[in-house]
Amino acid sequence: MPLTLVKKCFFNYNVYVYTLEPLTPQNCNEWDAVIQQCPNSTAFQASVWRDALANSFKQLDPVHMLIKQNGTVIGGIPAFVFEPIPGIRLWHSMPWNLFGGPQIIDAAKVDTVSLISTIETYLQTVSSEKGWCELCWTLLPDDTLKYGDSLTEMGYARTERFTHILKTNGDIDALWHAYNKRVRGAVRKAQKSGVEVTDTESEADLSTFYDMYLTTVKRLGGTPKPRALMQMLLQHGIAKLAIATYQGTVIAGLLYLYFNRTVTLWCEASVLAYLQYRPNNAIFHHIITWACKEGYEWVDFGASPPENEGLIAHKEQYSAQKTDFCSYTKIVSSFKRSLWTQSESVLRKIYTWMQ
């Protein structure tokens, strides 16, 4: 359902007409070519990510849209409709509070107020037709500054979050010296202890890692991602699996994503009995080294629960900088949303048990 809004931009007196065009099999080839031109896009906006989520979660329906300005594609909006229970549908710019929001190519000059107004009008119309009970944006740090006030003015409630991001400058030697001395000592200890870190494409290694990952996530009280999702991301070239081995045994691993200018640390696991050999520090250093060699500008360590001071301190020991971003949520149907709120914890426990 394309929808347009015309607004005169007072800074240059041009009239920009914005059109939202749903992504279809006929125009889907445009997606990655456009998203690659958006300076802050990550793996979470890639078409492989969209397809992997749709194949791994039957409750997730991708509803991505291309953004046109005066008939020319200038960006896209990744989004999913989540239907955890029949009849309960939530529109999210990206699941799990991962980055979504409008992705605009670097060369485009945009009237942000007009653009957000167009998108909001579209969402209000379609949410009424489709019965969506919630609209939720999670914006990149720069986009939080760019679009956040407009969303707040439109009635969205803001939730503040933060991640930790390391700027590489392509210089691993400088980064090494910027690490906290405890990190450098831990990496040296791993090396002296005989811990080896490699990227692997082995199915057997993925299975070993996934078993370790399930144990780790359940121990921490989280909800694991399915193995099929990881496998598809690895097969289609936006993910790598780094593993640490000690005397031939896999003792830790981290599945990381890479796209455009950013490497994202995503799913981590380790065996408690081997932590004395510092495999996780060795893995982090391995991935940061790879990011520098391959020309990636940023390493995103991922969001942290505010109460987990140990995790936050660990990330900052690599000189990763705390970086704020926000989620914006609007409840369309409080009754339907309350049904999901009441059911969510039970359904997550069942899902975790089934993995």
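Each residue of the sequence shown is one higher than the last, beginning at 146 in the numbering used here. Even for Gly, the Cβ is constructed at its ideal location relative to N, Cα and C.
Indicate whether the contact test is met: 3 or more Cβ pairs, each with one atom in the region 421-432 and one in the region 392-401, closer than 8 Å. yes
Helix, strand or coil: how does DSSP classify S449 here? coil
Do E305 and C471 count as a contact pair if the criterion is CB distance below 7 Å? yes
Near I261, which residues of its chain fall below 6 Å by C-beta distance, leaving aside the five closest residues on each side in sequence? Y292, S295
For E274, count the other beta carbons within 10 Å of its own beta carbon; 16 or more makes it buried, fewer makes it exposed. Which is it? exposed
Who pairs with H309 in a beta bridge, going by DSSP? Beta-bridge pairing links H309 to K467.
For a quick check, are the C-beta atoms of F244 and T187 less than 7 Å apart? The answer is yes: Cβ separation under 7 Å.
The alpha helix (DSSP H) with A319 in it runs from where to where? Where A319 is concerned, the enclosing alpha helix (DSSP H) stretches over 317-323.
When the Cα of A253 is compared with those of T308, E265, P184, which residue comes out closest? P184
Tell me which residues share the same chain as T468 and place their Cβ nearer than 8 Å to its Cβ, disregarding the 5 neighbours each side in the sequence. P286, F307, T308, H309, I310
For D251, name the three-state secondary structure that DSSP assigns. Residue state, collapsed to three classes: coil.
Close Cβ partners of C437 (< 6 Å) along its chain, the five nearest in sequence each way excluded: T313, G315, I317
Alpha-carbon to alpha-carbon, S192 and Q376: Rounded to whole angstroms, Q376 to S192 spans 15 Å at the Cα level.
Contiguous beta strand (DSSP E) assignments of at least 3 residues, all confined to the region 206-278: 210-214, 217-222, 225-230, 233-237
Option nearest R423 by Cα separation, candidates R329, S352, L205, I495: R329
Kindly indicate which residue of W498, A387, Q182 has the alpha-carbon position closest to the one of F404. Q182
From which residue to which residue does the beta strand (DSSP E) around I383 run? That residue, I383, is in no beta strand (DSSP E); it is neither H nor E in DSSP.
Express the C-alpha separation of Y324 and Y466 in angstroms, rounding to a whole number. Here residue 466 is Gln; the residue named in the question, Tyr, does not match the sequence. Their backbone Cα atoms lie some 12 Å apart in a straight line.
In DSSP terms, what I476 is bridged to: E279
Name the DSSP bridge partner or partners of F404? T407
Using the Cα positions of M210 and G393, report the straight-line distance between them to the nearest angstrom. 47 Å
Considering just the uninterrupted stretch of the beta strand (DSSP E) at V342, what are its terminal residues? 341-345
In three-state DSSP terms, what is L284? Strand, per DSSP.
In whole angstroms, what is the alpha-carbon distance linking V108 and T390? Nothing can be reported for residue 108: it is not among the residues displayed for the chain, which extend from 146 to 500.
Would you mind stating whether A197 and L351 have Cβ atoms separated by less than 7 Å? no
According to DSSP, is V395 part of a helix, a strand, or is it coil? strand
Roughly how many angstroms separate the alpha carbons of D288 and H381, rounded to a whole number? 28 Å
What's the gap between the Cα of I233 and the Cα of W498? 23 Å
Count the other CB atoms, across all protein chains shown, that sit within 10 Å of the CB of Q421; report buried if there are 16 or more and exposed otherwise. exposed
Quick check on the DSSP output: the alpha helix (DSSP H) that includes R333 runs from which residue to which? 326-338
State the DSSP-derived secondary structure class of S201, mapped to helix, strand or coil. helix
What would DSSP say about T304, mapped onto helix, strand or coil? strand
Tell me, which residues are paired with L165 by DSSP? Looking at the DSSP output, L165 sits in a beta bridge with I212.
Bridge partner(s) assigned by DSSP for T390: Partner(s): E341, V395.
Residue burial classification, D344 (beta-carbon count within 10 angstroms, cutoff 16): exposed
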